[in-house]
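Peer 1: Below is a structure I'd like to ask you about.
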Amino acid sequence: MVAIKVLDLRTRAASKSFMAECKALRNIRHRNLVKIFTACSTVDFQGNDFKALVYEYMENGSLEGWLHNKAAVDGVDQKLSLMHRLSIAIDIACAVEYLHHDCETPIIHCDLKPNNVLLDAERTAHVGDFGLARILSTEEVIQQASSVGVRGTIGYSPPEYGMGSQVSREGDVYSYGILLLEMFTGKRPTDDMFEDAWNIRSYCEASLPERAAEIADPCLFSNEMGEGSGIRAPRRMRECLVKVLEVGIGCCRESPGERMDIREAAVKLRSIKASGG
Numbered sequence: 000m001v002a003i004k005v006l007d008l009r010t011r012a013a014s015k016s017f018m019a020e021c022k023a024l025r026n027i028r029h030r031n032l033v034k035i036f037t038a039c040s041t042v043d044f045q046g047n048d049f050k051a052l053v054y055e056y057m058e059n060g061s062l063e064g065w066l067h068n069k070a071a072v073d074g075v076d077q078k079l080s081l082m083h084r085l086s087i088a089i090d091i092a093c094a095v096e097y098l099h100h101d102c103e104t105p106i107i108h109c110d111l112k113p114n115n116v117l118l119d120a121e122r123t124a125h126v127g128d129f130g131l132a133r134i135l136s137t138e139e140v141i142q143q144a145s146s147v148g149v150r151g152t153i154g155y156s157p158p159e160y161g162m163g164s165q166v167s168r169e170g171d172v173y174s175y176g177i178l179l180l181e182m183f184t185g186k187r188p189t190d191d192m193f194e195d196a197w198n199i200r201s202y203c204e205a206s207l208p209e210r211a212a213e214i215a216d217p218c219l220f221s222n223e224m225g226e227g228s229g230i231r232a233p234r235r236m237r238e239c240l241v242k243v244l245e246v247g248i249g250c251c252r253e254s255p256g257e258r259m260d261i262r263e264a265a266v267k268l269r270s271i272k273a274s275g276g
């Protein structure tokens, strides 16, 4: 079984996205990145350009589906417990850490969000979709990046990108922080409740530490306590939630210089998991 991504070449910048993804994935290998088998660039039977990417198949679909489409699939409820989510958060952090610090040339993903995180049969997370990725050390790419304006997805893209700043590690860390807060609150960063200066970061920050369980995704503690019972969850689990939300808040600070490095975030999350909260 494989997954095939066929690009709609009528879409603006589709060919550029194809090339960006091929370049980014050409020399990278990590257990938490979606594995690419091959790329195809040819013409179809009608003589039209055809481009496709062939990936390893991920049996459990996207994190987006697990967070926001709560209906049962194949008779199994799509619920992720606190510890499941913490493991997935660590997987994503490990992938980003590899891209930022362990590649021969650092890679900025530029579009971290639940749709771009896929889960395999064991629900191990794999970061995918490198169509917006940028290789940090290439002068040509940096010049392109500084001219494209907003890069990424609304709600996850850092504020400085909207002001024309170059893509950066700190930008990816911001997106990761937003993703982390979404994973544990169940709130999208584009939820109608967030407007003006009120956003998912300020929402979480205002609730810590006493009200953390109140803003948690109702499914978070359901395996242990039953649906919607976060306030009655064991103290260690509530403390674990607070610590995870603090990491998310630290990653998505408004100013890039105030954000936590992804390595620090990964270390903190591993420590939280190892201590059970």
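With numbering that gives the first Met the number 0 applied, the sequence shown covers 0 to 276.
All residues carry an ideal CB built from backbone N, CA and C; glycine is no exception.
Take N114 as the anchor and find which of A120, A124, R210, I106 has the nearest alpha-carbon.
Peer 2: Counting from one through the sequence shown, the residue named residue 114 turns up at place 115. Nearest C-alpha to N114: A124.
Peer 1: Can you confirm whether the segment 48-68 touches the segment 153-162 when touching is taken to mean that 3 or more C-beta pairs between the two stretches lie within less than 8 Å?
Peer 2: Contact fails between the segment 153-162 and the segment 48-68, because fewer than three Cβ pairs, one in each stretch, are under 8 Å apart.
Peer 1: Would N47 pass as an interface residue toward chain D - the criterion being a Cβ-Cβ separation below 8 Å?
Peer 2: Of the chains in the structure shown, none is chain D; there is only one protein chain.
Peer 1: Within its chain, find whatever has a CB closer than 7 Å to the CB of A215; leave out the 5 residues flanking it on each side and keep chain order.
Peer 2: For the purposes of this step, residue 215 is taken as residue 216 along the sequence shown, with counting starting at 1. If we look at A215 and ignore the five residues flanking it on each side, its Cβ neighbours are F183, T184, G229, L240.
Peer 1: When DSSP labels each residue in this structure, what does F79 get in the three-state scheme?
Peer 2: By 1-based counting over the sequence shown, the position of residue 79 is 80. The sequence given here has Leu at residue 79, not Phe. Here L79 sits in coil by DSSP.
Peer 1: Tell me whether G275 is buried or exposed, calling it buried when 16 or more other Cβ atoms sit within 10 Å of its Cβ.
Peer 2: Sequence index remark: in the sequence shown, residue 275 carries index 276 (1-based). Counting C-beta atoms within 10 angstroms of its own C-beta, G275 has fewer than 16 neighbours from the protein chains shown and is therefore classed as exposed.
Peer 1: In chain order, what residues of the same chain lie with their CB nearer than 7 Å to the CB of S221, ignoring the 5 residues before and after it?
Peer 2: Start at 1 with the first residue of the sequence shown, and residue 221 comes out as number 222. Cβ neighbours of S221 beyond the five flanking positions: K78.
Peer 1: Mind reading off the beta-carbon distance from Y173 to R258? Whole number of angstroms is fine, and I expect it under 8 Å.
Peer 2: Position 174 of the sequence shown holds residue 173. Position 259 of the sequence shown holds residue 258. Indeed, because the Cβ distance is near 6 Å, the residues count as touching under 8 Å.
Peer 1: Kindly list the residues whose CB is nearer than 6 Å to the CB of N68, restricted to its own chain and excluding five residues on each side of it in sequence; keep chain order.
Peer 2: Counted from its first residue, the sequence shown places residue 68 at position 69. Closer than 6 Å at Cβ, skipping near neighbours: no residue.
Peer 1: For E245, I'd like the list of residues in its chain whose CB is within less than 8 Å of its CB, leaving aside the five on either flank, ordered along the chain.
Peer 2: The residue labelled residue 245 in the question sits at position 246 within the sequence shown. L207.
Peer 1: Quick check on D110: buried or exposed, where buried means 16 or more other Cβ atoms within 10 Å of its Cβ?
Peer 2: Counting from one through the sequence shown, the residue named residue 110 turns up at place 111. That one is buried.
Peer 1: Only counting the same chain, and skipping five residues up and downstream in sequence, which positions put a Cβ closer than 7 Å to that of M0?
Peer 2: The residue given as residue 0 occupies position 1 in the sequence shown. Taken in chain order, the residues that qualify are Y56.
Peer 1: What are the boundary residues of the beta strand (DSSP E) that V33 is part of?
Peer 2: Numbered from its first residue, the sequence shown carries residue 33 at position 34. Looking at the DSSP string, V33 is not in any beta strand (DSSP E), and its letter there is neither H nor E.
Peer 1: For the alpha helix (DSSP H) containing D191, name the first residue and the last one.
Peer 2: Reading the sequence shown from its first residue, position 192 is the one you call residue 191. Neither: D191 is in no alpha helix (DSSP H) and is coded neither H nor E.
Peer 1: Assuming K272 and I89 are in contact, meaning their beta carbons sit under 8 Å apart, how far apart are those beta carbons, in whole angstroms?
Peer 2: Locating residue 272 in the sequence shown gives position 273, counting from the first residue. Locating residue 89 in the sequence shown gives position 90, counting from the first residue. Right, the Cβ-Cβ distance comes to about 7 Å (below 8 Å), so this counts as a contact.
Peer 1: Is it buried or exposed for A265, if we count other Cβ within 10 angstroms and need 16 for buried?
Peer 2: Taking the first residue of the sequence shown as position 1, residue 265 is located at position 266. Looking at its Cβ environment, which holds 16 or more other Cβ atoms inside 10 Å, A265 is buried.
Peer 1: Which one or two residues does DSSP pair with Y54 in a beta bridge?
Peer 2: Counting from 1 along the sequence shown, the entry for residue 54 is found at position 55. According to DSSP, which records beta bridges pairwise, Y54 is partnered with A2, I35.
Peer 1: Comparing C-alpha positions only, which one of P157, R168, E238, R187 sits nearest to R283?
Peer 2: Past the boundaries of the shown model lies residue 283; the chain is included only from 0 to 276, so the question cannot be answered.
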